[in-house]
Amino acid sequence: MRFYEYEAKALFRRHGLPLGKSQLIEGPEQARTAFSALGGGPVVLKSQVLSGGRMKAGAVRFADDAAAAEAAAAAIFPIRVNDQACRSILVEEKTQVEKEYFVAITWDGRAKRPVCVFSDMGGIDIEEVALSHPEHVSKTHFSTIVPLMPHVAKQAVAATGVTGSDLNKLAPIVFELMKIFLAYDLTLAEINPLAKLADGRFIVLDGHIDLEAEARGQHKKLLADLGIGDDETRQARPPTAFELAGVRVNSADHRGVAGNVVEFDGNLGLVIGAGGGSLTLFDAVRKHGGQPANYCEIGGNPSMSKAKELTKLILSKPGVEKIAVMMNVVSNTRVDIVARGVIKGCLEAGKDPAETIAIFRIPGAWEEEGFKILKKYGVDFCDRSVSMYDAAGRAVAKLRK
Amino acid sequence: MSILLSRDTQIIVQGITGREAINLTRENLAYGAKIVGGVTPGRAGRDIYGVPVYDTVRQAVSANAEKGIRVTGSIVSVPPNFTQDAIFEALDSGIELIVVVTENVPRKQVAQAVEYAGMKGARIIGPNCLGIISPDECKMGGVGGPAANTKQAYKKGTIGVMSRSGGMTTEIASTLTAAGLGQSTCVSIGGDAIVGTTYAELMPFFEADPETEAIAIYSEPGGRMEAELAEWVTTHRSRLPIVAFMAGRFMDEMKGMRFGHAGTIVEGKEDTTAEKIKRMEAACISVAERIEEIPALIRKRLAERKR
């Protein structure tokens, strides 16, 4: 889950990382006060939004006086960046930057360790720098078991050719960032740019923090301190009302999974699973020219009520007339329970299961019992001899009729 | 033949009194796996389908040692908050092969466990996986479900299967079986961003197994595992033809959205299916667009090799 810049900076401040003076404002009318509180010098106003590309979108602006600051704030607030809304604006003193550095800590799934990526060419796209100037980018892996030592950070900085007092000022910042990364179960801790000012000081100009969703429970205090609520999912795009209803369906009952509902604008509802099966089936539907109304994942032996509620939710979406119920060969999900659930869901939505369920393809344990129920209601079903791809094709063909 | 495990592998189940673990124990026993102990703290003295329960892994290991049985495998099926400790406990008791079924373990904890396993010379499969199966030999984990269903989908043969999805491991095996291609060993490697054992790390085992003739893999967006496999295959001049199925192609245009598994997210260009397919094809790995194409592609590659 991504932090807003001001939240990332609040975390950095706790750990003594150097930051410029700033004020957070909730509306354009607060811009004047913030401007004078920062000393009346030139400022930069930055949209607090869960997306990169702020500068390009016009959501970062500069101002030399109070009136200009207010105008800039008024212009920034309505701007959505990659469909993400502006929550607030961080007004910061504008600094004289002499040089920009880049540092990011993330996980390397191949090395199965954290890796620190450092560059003395910050501020620009690091992937491009790595291609054009590889000698200016260092990658330093470190242990998660051996106590972290400052020399690891020093090595990361020195590897790009940085020396002298710059090295000695940068290394402790990088070291602290490594410690923050491990301490809070982050998946990304990035400072870009990390700026050297004209007066020789180093400060964090912008930061990006991602905390692993699975570790939220262990960092409740931090999240509470930062004011991040349990209901904030912080996905790449804000959840729709339909998706939030999907979350409620899944959390209403602990048995199995019927979740990860993602809304699309098509007409074929999908009750599909599990993790890999859903990816495979969603591709198959699209390959046949079908238009999915949603993505979802059922699995882990969901209860009948879960399958039923998910079916009802999907059928409640305007434009959805048919659903396809499909999974890979299942290991621990009971086919008959899912069959009962989706049929009941159709009935409770006032629809005929035979007309509504375009195809039912869930092979595995208890499939015979499942097939009996499906037959009784006249639902079209198939076993594993029909591939996932062909089952998806049958569903798509029915919508064309 | 099988890799990693055999019909003689002596196995314990950590968290054996949990709902999922009870099922898994029954299914594994019914398939012929030698489950010789279970661990749930505070529950020593009970038994699950005849398997004695101990308070600690050490107790389970020593009680078996007294009978001349050397425990080398463990299936970890405990809640996420206890998983790291369970893995470390197994490693400290000399367990060599640990299958971690649990989902939602934070990756720092996984990374620490994997690093520690490396120091101990042990291997972790998973987390967030359904385990390993060598048809007619042994299985560790929920892969395939009840024994009867497992026997229907998995048949002994010469194809090695590796998959980031547990369910798709069975779908692929079932498709191979239906086409008359049996499997040597199938490994559900787990769907997390960091897993104990990657495709490339399993390759030397398959490479050394005289009965494995080809490999089928299930792959999806996110991570560098396919790139690592492509590199391994090229640098080691692998004797094994590989056919990969790539799911989640729709995700290439949906940067930052997480689908499927915890590790399934497109963050950079290298995470996309397009890029992965390119890399794999450059390493002579055939990429199937549909699961049902896998058997024919494998046969084609095997025939080419013999010529």
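Quick mapping for you: the protein sequence lines, in order, are chains A and B. Plus 103 on top of the position in the first sequence (first one is 1) and you've got the numbering used here. Plus 914 on top of the position in the second sequence (first one is 1) and you've got the numbering used here. Glycine residues also receive a C-beta, built at the ideal position from the N, C-alpha and C atoms.
Nearest-angstrom Cα separation, counted from residue j out to residue i
i: F1159 of chain B; j: V255 of chain A; result: 40 angstroms
i: V260 of chain A; j: I1046 of chain B; result: 43 angstroms
i: H244 of chain A; j: E1029 of chain B; result: 13 angstroms
i: K478 of chain A; j: V441 of chain A; result: 14 angstroms
i: E1121 of chain B; j: R1215 of chain B; result: 16 angstroms
i: A160 of chain A; j: I182 of chain A; result: 8 angstroms
i: L919 of chain B; j: K215 of chain A; result: 24 angstroms
i: G1182 of chain B; j: G155 of chain A; result: 13 angstroms
i: F165 of chain A; j: L329 of chain A; result: 27 angstroms
i: V218 of chain A; j: E472 of chain A; result: 51 angstroms
i: D386 of chain A; j: K242 of chain A; result: 36 angstroms
i: I1222 of chain B; j: D455 of chain A; result: Residue 1222 of chain B lies beyond the residue range present for chain B, which begins at 915 and ends at 1221; the question has no answer from this structure.
i: A494 of chain A; j: V388 of chain A; result: 9 angstroms
i: A1130 of chain B; j: I1208 of chain B; result: 7 angstroms
i: L1005 of chain B; j: K1034 of chain B; result: 7 angstroms
i: A113 of chain A; j: A339 of chain A; result: 22 angstroms
i: P1060 of chain B; j: G1105 of chain B; result: 22 angstroms
i: K415 of chain A; j: A452 of chain A; result: 6 angstroms
i: M1168 of chain B; j: F221 of chain A; result: 28 angstroms
C-beta neighbour in chain A for residue i, strict 9 angstroms
i: A1130 of chain B; result: no
i: S1077 of chain B; result: yes
i: N995 of chain B; result: yes
i: E1029 of chain B; result: yes
i: F1173 of chain B; result: yes
i: G1096 of chain B; result: no
i: S1088 of chain B; result: yes
i: A1188 of chain B; result: no
i: L1044 of chain B; result: yes
i: I1205 of chain B; result: yes
i: V1101 of chain B; result: no
i: T931 of chain B; result: no
i: G1080 of chain B; result: yes
Status (buried if at least 16 other CB within 10 Å, exposed otherwise) for residue i
i: C1198 of chain B; result: exposed
i: K323 of chain A; result: exposed
i: S268 of chain A; result: exposed
i: A207 of chain A; result: buried
i: H1175 of chain B; result: buried
i: S1077 of chain B; result: buried
i: Q199 of chain A; result: exposed
i: K149 of chain A; result: buried
i: A947 of chain B; result: buried
i: R1219 of chain B; result: exposed
i: T923 of chain B; result: buried
i: V249 of chain A; result: exposed
Within-9 angstroms CB hit, residue i to chain B
i: M224 of chain A; result: no
i: A339 of chain A; result: yes
i: T459 of chain A; result: no
i: E230 of chain A; result: yes
i: Y107 of chain A; result: no
i: A442 of chain A; result: no
i: T383 of chain A; result: yes
i: Q321 of chain A; result: yes
i: I208 of chain A; result: no
i: G402 of chain A; result: yes
i: E315 of chain A; result: yes
i: K390 of chain A; result: yes
i: L426 of chain A; result: Checking the sequence shown, residue 426 of chain A turns out to be Ile, not Leu. Chain B contact via Cβ: absent.
i: I227 of chain A; result: no
i: S246 of chain A; result: yes
i: S434 of chain A; result: yes
Whole-number beta carbon distance between residue j and residue i, since they are thought to touch under 8 angstroms
i: A1067 of chain B; j: S1088 of chain B; result: 4 angstroms
i: N363 of chain A; j: A396 of chain A; result: Contact flag wrong, Cβ pair sits at about 15 angstroms.
i: G303 of chain A; j: E108 of chain A; result: Rounded, the Cβ-Cβ distance is 25 angstroms, inconsistent with contact.
i: I1001 of chain B; j: I962 of chain B; result: Wrong, their Cβ atoms sit about 21 angstroms apart, outside the cutoff.
i: N1018 of chain B; j: G467 of chain A; result: In fact, because the Cβ distance is near 24 angstroms, the residues do not count as touching under 8 angstroms.
i: A1188 of chain B; j: D1166 of chain B; result: 6 angstroms
Inter-stretch contact at 8 angstroms, needing at least 3 Cβ pairs: the stretch 997-1009 of chain B / the stretch 1049-1066 of chain B: Cβ pair count under 8 angstroms is below three, so no.
Answer yes if the stretch 365-376 of chain A comes into contact with the stretch 422-440 of chain A, meaning at least three C-beta pairs across the two stretches below 8 angstroms, and no otherwise. In short, these stretches touch, since the Cβ pair count reaches three.
How do the stretch 347-354 of chain A and the stretch 1137-1146 of chain B stand: do at least 3 beta-carbon pairs fall below 8 angstroms, yes or no? The stretch 347-354 of chain A vs the stretch 1137-1146 of chain B: no contact.
Segment contact flag, the stretch 113-127 of chain A with the stretch 178-189 of chain A, C-beta cutoff 8 angstroms, min 3 pairs: The stretch 113-127 of chain A vs the stretch 178-189 of chain A: no contact.
Are the stretch 309-321 of chain A and the stretch 133-142 of chain A in contact at 8 angstroms, needing three or more beta carbon pairs? No contact exists between the stretch 309-321 of chain A and the stretch 133-142 of chain A.
Inspect the CB distances between the stretch 332-349 of chain A and the stretch 230-247 of chain A and report whether three or more fall short of 8 angstroms. Contact fails: fewer than three Cβ-Cβ distances are below 8 angstroms.
Does the contact criterion of 3 or more C-beta pairs under 8 angstroms hold for the stretch 1110-1130 of chain B versus the stretch 390-406 of chain A? Segments in contact, no.
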